[in-house]
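Report on one structure; see the data block that follows.
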Amino acid sequence: MLFNYLKTTFRNLWRRKGYTAINVLGLSMGLACCLIIVLFVQDEMSYDQHHEHADRIYRVSQEVTRPGEEEIWAWTGGGLLEDLVPDFPDQVETAARMLPSAGVVVRDRGNGSVVSLREEGFVFLDPQWFDIFTHEFVQGSAETALTDPSSVVLTESAAKRYFGDEDPMGQPLRYGSALDLIVTGVIADPPDNSHIQFEVAASVSGFKRTQDFPVEAQFGSYWWPFSYTYVKLSENADAAALDAALPEFAKRHREEAESYVPRLEALTDLYLYSEARSTNGPTGSIQAVRVFSAIALVVLLLACINFMNLATARSARRAREVGVRKAVGAGRSQLVAQFLGEAVVLSLLSLVVAIGLVEIFLPAFNQIAARSLEVVYLGNGTYWLILLSLVLATGLLSGSYPALYLSKFAPVKVLKGTFAAGKSGNVVVRKGLVVFQFGISVVLIACTLIALAQLRFLQNSNLGFERDQVVRIRLEGANYDLLKNELTATPGVLGVTSASTPPGLGSGSSLPYRSGIDYMSAAQEEDSRMANQQVDYNFVEQMGLNIVAGRDFDPNRPSDRGVWPEDQYFLHIYERAFLINETAAAAMGKTPEEALGTNMRLYAFENGTYYTDLRGTVVGVIEDFHYRSLRNRIEPAAYSLADTDRGHMGGYALVKVEGGDAAETMARLERSFKAVAPTVPFDATFLDQEIQNMYLRESRLSSIVGVFTLLGIVIACLGLIGLATFAAEQRTKEIGVRKVLGASVPGLVGLLAKEFVRLVVVAFVLAAPLAWVVMNRWLENFAYHIEPGVGIFAATGAAALAVALLSVSWQAFQAARANPVESLRYE
350 MLFNYLKTTF RNLWRRKGYT AINVLGLSMG LACCLIIVLF VQDEMSYDQH
400 HEHADRIYRV SQEVTRPGEE EIWAWTGGGL LEDLVPDFPD QVETAARMLP
450 SAGVVVRDRG NGSVVSLREE GFVFLDPQWF DIFTHEFVQG SAETALTDPS
500 SVVLTESAAK RYFGDEDPMG QPLRYGSALD LIVTGVIADP PDNSHIQFEV
550 AASVSGFKRT QDFPVEAQFG SYWWPFSYTY VKLSENADAA ALDAALPEFA
600 KRHREEAESY VPRLEALTDL YLYSEARSTN GPTGSIQAVR VFSAIALVVL
650 LLACINFMNL ATARSARRAR EVGVRKAVGA GRSQLVAQFL GEAVVLSLLS
700 LVVAIGLVEI FLPAFNQIAA RSLEVVYLGN GTYWLILLSL VLATGLLSGS
750 YPALYLSKFA PVKVLKGTFA AGKSGNVVVR KGLVVFQFGI SVVLIACTLI
800 ALAQLRFLQN SNLGFERDQV VRIRLEGANY DLLKNELTAT PGVLGVTSAS
850 TPPGLGSGSS LPYRSGIDYM SAAQEEDSRM ANQQVDYNFV EQMGLNIVAG
900 RDFDPNRPSD RGVWPEDQYF LHIYERAFLI NETAAAAMGK TPEEALGTNM
950 RLYAFENGTY YTDLRGTVVG VIEDFHYRSL RNRIEPAAYS LADTDRGHMG
1000 GYALVKVEGG DAAETMARLE RSFKAVAPTV PFDATFLDQE IQNMYLRESR
1050 LSSIVGVFTL LGIVIACLGL IGLATFAAEQ RTKEIGVRKV LGASVPGLVG
1100 LLAKEFVRLV VVAFVLAAPL AWVVMNRWLE NFAYHIEPGV GIFAATGAAA
1150 LAVALLSVSW QAFQAARANP VESLRYE
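Printed below as a string of structure tokens:
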């Protein structure tokens, strides 16, 4: 019996090659889409699972609650670990900190040959780090790698960059200008699916040396240095109980404990589920995983609906087969099994094509999504289980309705020729399925158009400052005053200024502040926060900012820089001039004019110590501009002069250049930079390009949704062709009669297309509100965004209608131009 079913199945598929090809194409595209998303989801869910004790590792973050502000910070101060381990000896087996500290690493080869590279992945680690995390040591050992203050561990890639094929062990390196290091270990590169990524790791004791901090002394601050603290719990420790005890722990050691509460975050949750700001590695989004998974399943569902429509569209041609089988004794269950078997076989054939499509299009997906996914056919049991489950589910789902529909045909009516396929409620079902298909297409088209419009808005909005033809150069310890003079004399340079962070690229870090007559009051009474930037005298003028009240910094007033007390180790500057933005003035409850002359204090305060204390007077108010991305609202910000005499210069030089050959411009700037800082890497990009790069995530999202939209449209077209085929078969005699009575081909095409236009209109009316709701929720992630208007939805409706008409027109044209004699021969 089974052999007979298989033989009949393959015979039917071979006999109807066009029908088979359309079904295989639709199902294979849906399956290929699902398989790629399965790879993506597997990769997302695998982050940080490779560590041996991943289930016992946690990051200690801090929950920050301040007036008008509640958020989670991934970092803590270096002092937290010093207290945490002694306070919880039974729960915490070991703990370690990571202090990211990107900087220049130099290898002197001798004879004037130097390798000097900026290492974004430079970190300082506690020696216990390798007791917590699993790293493969290629050379050296985890036990001794970071025990010496001068030790440094390299990844294999970093070792190759500095030493080529030489043995790096015991070789010297220098970090910045203050720390000599000796290579004591080489580890394998961290895998891509790890949120912890670094290239060069020195000992935390070495960090203390760079800060003139006693190596033997403990960090006492919960503010400084910025650290990412990880703990490995004891085997029987209760993570929930320890997390619940951390607020009381904080109260024992920190005056501001109620505002800054430590909390545990499981290592395996950090990539997808953590809501912490300022993380130390890549982060994903569980929402993105869910959205992409849902879209992939919807695309596959559209392909299944195609199969249903195409199968029922050809039901009249199989009605006689069903009648004969029933007449010779076949039961309904046997017919259902036969048709379901055909669907599963077709699904298996589609799987073969889908695997080929995955191999072809996976590299393109990797490029769009910035991934390195690959299909591992051997040893990936989970993937094969999901794959076969999808195939079986696809076959059963797509074949269920046709099987039940075809198996209920009455043999007497079929064999007498009085049976008419397509009557009763089945027409409504088929049309409902097409409405559903095009409804999904409308949602996808609208989402794509809105995402693209928002992306254009983000990339092209007026940010309130001059960003065109501005090159940002990372100073990295280069003498700014000398560099400014050299760059100013460079052909094609129109001006040079500096800033801690280039405008538009602000990180959002801020300090508490007090203003007015009570600006010296206790820090515990803080009521707001303000971003703090150090800039050059000509920052406002060169960046095209507007002073709305007061004056700009004046190079003829040395007092604008303020006074640095000689006995202070930390950043304390008094009697300095401040510029603030309009939002800061409003936060003080003042107009820009009223804010002038206001005393102000920016500070970082903890347990009686001011780690930062900047005091001064507001001399000017700047018109608001977007110093951060458009995801964030403009917040209060203060600007003061960089103290170049003490090395507290802006982190970046901002160079205004003439238009022209960008490559030649960069070459001239690099020559000028190297004349001043020959051993410092030249790190420069155009500011407008870097601002656009901030929105790569949105760009990738738009591209991926666009690809899914295209797939959905193609599959929906195939479904519409199926229904058009069915309609044409059902109305063959009507079309013949109309042609005999003089109907034209265009008129008949319009007649056949009219009902499909109605279906698309219904789909649009039902789906457009859903698209509006979904995308408005997405747009809420941006402080500044477009408002989806009539134009976008009109374009969506027009696109859906055009796709439908293109799909239906050919089938309608073929039916309309058929010879009426053929359809009326036996009437």
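Per our numbering, the very first residue in the sequence shown carries number 350; after that it's consecutive.
The beta carbon of each residue, even a glycine, is placed where N, CA and C say it ideally should be.
Predicted model only: the values in this text are computed from it and were never measured.
Can you give the Cα-Cα distance for residue i and residue j, rounded to whole angstroms?
i, j, result
"Leu591", "Phe437", "8 Å"
"Met378", "Ala1065", "12 Å"
"Arg365", "Val1063", "21 Å"
"Val1004", "Arg816", "10 Å"
"Ala871", "Thr966", "Residue confidence for Ala871 is low, a pLDDT of 49 falling below 50, so the modelled location carries little weight and cannot support an answer."
"Leu734", "Leu646", "16 Å"
"Gly630", "Arg900", "41 Å"
"Glu515", "Pro539", "22 Å"
"Glu485", "Ala566", "31 Å"
"Thr1034", "Glu1047", "21 Å"
"Arg982", "Ala1132", "5 Å"
"Ala1112", "Ala625", "40 Å"
"Ser721", "Gly461", "39 Å"
"Ile421", "Asn1130", "17 Å"
"Val390", "Val434", "36 Å"
"Leu812", "Phe974", "6 Å"
"Gly781", "His1134", "35 Å"
"Met518", "Gly534", "7 Å"
"Val463", "Arg523", "11 Å"
"Leu746", "Cys653", "7 Å"
"Ala1197", "Val783", "Nothing about residue 1197 can be reported from this structure: the residues present for the chain run from 350 to 1176 only."
"His997", "Gly525", "Reliability fails at His997, whose pLDDT of 44 lies under 50, so the model's placement of it is uncertain and the value that follows must be treated cautiously. Whole-angstrom Cα-Cα distance: 16 Å."
"Thr743", "Thr632", "33 Å"
"Asn828", "Phe1022", "10 Å"
"Ser978", "Gln398", "33 Å"
"Val1157", "Thr1014", "55 Å"
"Ser864", "Glu984", "16 Å"
"Val1139", "Thr559", "59 Å"
"Leu495", "Phe902", "47 Å"
"Trp573", "Leu430", "12 Å"
Quick one: give me the first and last residue of the alpha helix (DSSP H) that residue i is part of.
i, result
"Ala599", "588 to 602"
"Asp436", "428 to 436"
"Glu890", "888 to 891"
"Val1025", "1011 to 1025"
"Glu924", "Here Glu924 belongs to no alpha helix (DSSP H); instead the beta strand (DSSP E) covers 920 to 930."
Would you kindly report the start and end of the unbroken beta strand (DSSP E) that includes residue i?
i, result
"Gln477", "No beta strand (DSSP E) holds Gln477; DSSP gives it neither H nor E."
"Asn828", "No beta strand (DSSP E) contains Asn828, which DSSP labels as neither H nor E."
"Gly946", "That residue, Gly946, is in no beta strand (DSSP E); it is neither H nor E in DSSP."
"Arg1203", "For residue 1203 there is no data in the structure shown, the boundaries of the chain being 350 and 1176."
"Thr504", "500 to 504"
Under the assumption that residue i contacts residue j (Cβ atoms under 8 Å), give the Cβ distance between them as a whole number of angstroms.
i, j, result
"Ala703", "Leu384", "6 Å"
"Val532", "Gln520", "5 Å"
"Thr926", "Val968", "Residue identity differs from the one stated: residue 926 is Ala in this sequence, not Thr. Yes, they are in contact, since the Cβ atoms of Ala926 and Val968 sit about 5 Å apart, within 8 Å."
"Ala898", "Leu945", "6 Å"
"Val1106", "Ala1153", "7 Å"
"Asn372", "Leu659", "6 Å"
"Val792", "Ala1116", "5 Å"
"Leu700", "Leu1060", "That pair is no contact at about 17 Å."
"Ala1002", "Ser849", "Actually they do not touch by this definition, with Cβ atoms about 12 Å apart."
List the DSSP bridge partners of residue i.
i, result
"Ile406", "Lys581"
"Asp529", "Arg523"
"Phe1035", "Val820"
"Trp422", "Gln411, Arg626"
"Gly899", "Gly969"
"Thr443", "Lys581"
"Gly452", "Glu468"
"Leu1003", "Arg821, Thr846"
"Tyr511", "The partner list for Tyr511 (beta bridge, DSSP) is empty, contrary to what the question assumes."
Please indicate yes or no: does the CB of residue i lie closer than 7 Å to some heavy atom of the ligand MG?
i, result
"Ala1065", "Absent from the structure shown: the ligand MG. Ligands present: none."
Of all the CB atoms in chain D, is at least one closer than 8 Å to the CB of residue i?
i, result
"Val647", "The chain inventory of the structure shown lacks chain D, comprising one protein chain alone."
* Asked: Mind pulling the beta strand (DSSP E) runs of 3 or more residues that sit fully within the stretch 602 to 663?
  -> 609 to 615
* Jot down the residue ranges of each uninterrupted alpha helix (DSSP H) in the stretch 789 to 864, minimum 4 residues, whole runs only, in chain order. => 829 to 837
* Which ranges would you report for the alpha helix (DSSP H) in the stretch 1054 to 1109 if only whole runs of at least 4 residues count? -> 1081 to 1089
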